[in-house]
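The sequence shown maps to residues -10 to 251 in my numbering.
By construction, the Cβ of each residue, glycine as well, lies at the ideal position given by its N, Cα and C atoms.
Report on the structure given below.
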Amino acid sequence: MQPQGALVETVKALGTLWPSAEYMECAREVQMRLLQRSVPALETLEYGGCYLPAHSIGGDYYDFIHLGLGRVGIALGDISGKGVPAAIMMASLQAILRSHSANLSHDIARLLRSVNRLFCECTAETHYASLFLGEYDDATQTLRYANCGHNPPLVVRPDLAVDRLEPTGTVLGIFRDWDCSLGRVRLAHGDTLLVFTDGVTEAENSLGEEFGEARLLELVDCGRHLTVSELVHEAAAALRAFSGPRLRDDATLLVARCMQSR
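Written out as structure tokens, the structure reads:
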């Protein structure tokens, strides 16, 4: 059996052999440890994130990757599907990105071509991932990024003007002949970057209303006096209060705020 086929069969087997609440809780703890890493401090940027799975485990992935010399990688991905298979694919994508992170500052597009090729090899044809991957440079306050089929992150200026970081390529894991372009945005004092999965904006309340971008922007406006950590906590609480005890989809939000201008 080819490696890809073996992994697909393993995912299917785990999906049927992992119903125990005890084992699911263990899996949840493992997944949360993968996501909860210490983050390097920067002079001009404060940042943080939260992950709210629809089930015990899920397929959203985020990471802050220490690149040294005042640079940090910012990654957020959304794996198709839910539950155990999506969680395994999430861990696979994280491992691939981490193993290639040394190349992030040199050539993001080349790195992602390699990531896509490897992701194609280890996932089923029905699985794919949207991904936002960027590199923030403290010295220039510039974010270089690739948006691989992900919903556009928002750069919210102090006057609440919004820049959307539109896709620069398609999703990963489907097309072996794949490429992307890069975008670039400079952050100034007071700017807030919001990177999120569609499980945030498409979360529904009991009336079928979506949480939407407008509520995110309202949180940013009302949370100017909060630290980023506090703002992330407030956003998670607002999303839970809006959607009730059960989310329809995994929801992940990253927040980064520029603290000064050079």
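Neighbourhood of residue i by C-beta, 6 Å cutoff - its chain only, sequence neighbours within 5 removed
i      : result
Asp238 : Ala43 and Gly188
Arg165 : Cys109
Asn140 : Asp187
Gly117 : Inspection of the sequence shows that residue 117 is occupied by Tyr rather than by Gly. Closer than 6 Å at Cβ, skipping near neighbours: Ser69, Val160, Gly162 and Ile163.
Asn105 : Leu161 and Trp167
Local conformation of residue i per DSSP, three classes
i      : result
Gly188 : helix
Cys169 : coil
Gly201 : helix
Ser119 : strand
His95  : coil
Phe53  : strand
Asp239 : coil
Arg148 : According to the sequence as given, residue 148 is Asp; it is not Arg. Three-state DSSP puts Asp148 in coil, outside helix and strand.
Ala30  : coil
Asn105 : helix
Ile63  : strand
Arg213 : coil
Glu110 : helix
Gly86  : Residue identity differs from the one stated: residue 86 is Leu in this sequence, not Gly. Note: Leu86 maps to helix in three-state DSSP.
Leu183 : strand
Ala177 : coil
Ile68  : strand
Leu58  : coil
Arg229 : helix
Ala76  : helix
Glu206 : Note that residue 206 is Leu in the sequence shown here, rather than Glu. Residue state, collapsed to three classes: helix.
Among the options, nearest to residue i - alpha-carbon criterion
i      : options                           : result
Pro29  : Phe53, Gly66, Leu176 and Cys39    : Phe53
Gly138 : Leu205, Leu208, Glu219 and Ser69  : Ser69
Val144 : Cys247, Gly38 and Thr33           : Cys247
Asp96  : Gly62, Phe185, Leu149 and Pro234  : Gly62
Arg271 : Cys169, Ala128 and Ser218         : No information on residue 271 is available, as it lies outside the stretch -10 to 251 that the chain covers here.
Ala135 : Val184, Asp148 and Ala113         : Val184
Pro147 : Thr157, Cys169 and His178         : His178
Ala64  : Ala76, Arg87, Ile77 and Thr112    : Arg87
Ala75  : Gly233, Ala113 and Ala245         : Ala113
Ala84  : Ser250, Ser218 and Tyr50          : Tyr50
Ala245 : Leu107, Thr190, Arg213 and Ser90  : Arg213
Gly103 : Thr190, Cys169, Leu154 and Arg153 : According to the sequence shown, residue 103 is Ser rather than Gly. Among Thr190, Cys169, Leu154 and Arg153, the Cα nearest to that of Ser103 belongs to Cys169.
Status (buried if at least 16 other CB within 10 Å, exposed otherwise) for residue i
i      : result
Pro142 : buried
Ala240 : buried
Thr115 : exposed
Glu124 : buried
Asp126 : buried
Thr216 : exposed
Cys211 : exposed
Gly158 : buried
Same chain, Cβ closer than 7 Å to residue i, neighbours up to 5 away in sequence not counted
i      : result
Phe231 : Ala192, Asn194 and Phe200
Ser119 : Gly66, Asp67, Cys137, Gly138, His139 and Val160
Gly197 : none
Arg133 : Ile97, Gly123, Glu124, Leu171 and Arg173
Ser94  : Leu56, Arg60 and Glu124
Gly37  : Val217, Ser218, Val221 and Val244
Distance, residue j Cα to residue i Cα
i      : j      : result
Leu242 : Val209 : 12 Å
Ala224 : Leu205 : 8 Å
Ala150 : Ala203 : 12 Å
Cys39  : Thr181 : 16 Å
Tyr12  : Val73  : With a pLDDT of 45 at Tyr12, under the threshold of 50, the modelled position of that residue is not reliable, and the figure given next carries that caveat. Their backbone Cα atoms lie some 11 Å apart in a straight line.
Leu171 : Ser81  : 24 Å
Gly59  : Leu31  : 6 Å
Cys111 : Gly48  : 15 Å
Val0   : Ile77  : Low confidence applies to Val0: its pLDDT is 44, below 50, so where it sits in the model is not reliable, and the reading given next is rough at best. Answer to the nearest angstrom: the Cα atoms are 7 Å apart.
Leu101 : Pro156 : 14 Å
Glu35  : Glu219 : 11 Å
Thr33  : Val221 : 18 Å
Glu207 : Ser90  : 34 Å
Gln130 : Asp152 : 16 Å
Met79  : Thr190 : 21 Å
Other residues of its chain near residue i: CB distance less than 8 Å, five sequence neighbours each side excluded
i      : result
Leu41  : Gly188, Ala225, Leu228, Arg229, Leu236, Asp239, Ala240 and Thr241
Ser250 : Thr33, Gln130, Ala177 and His178
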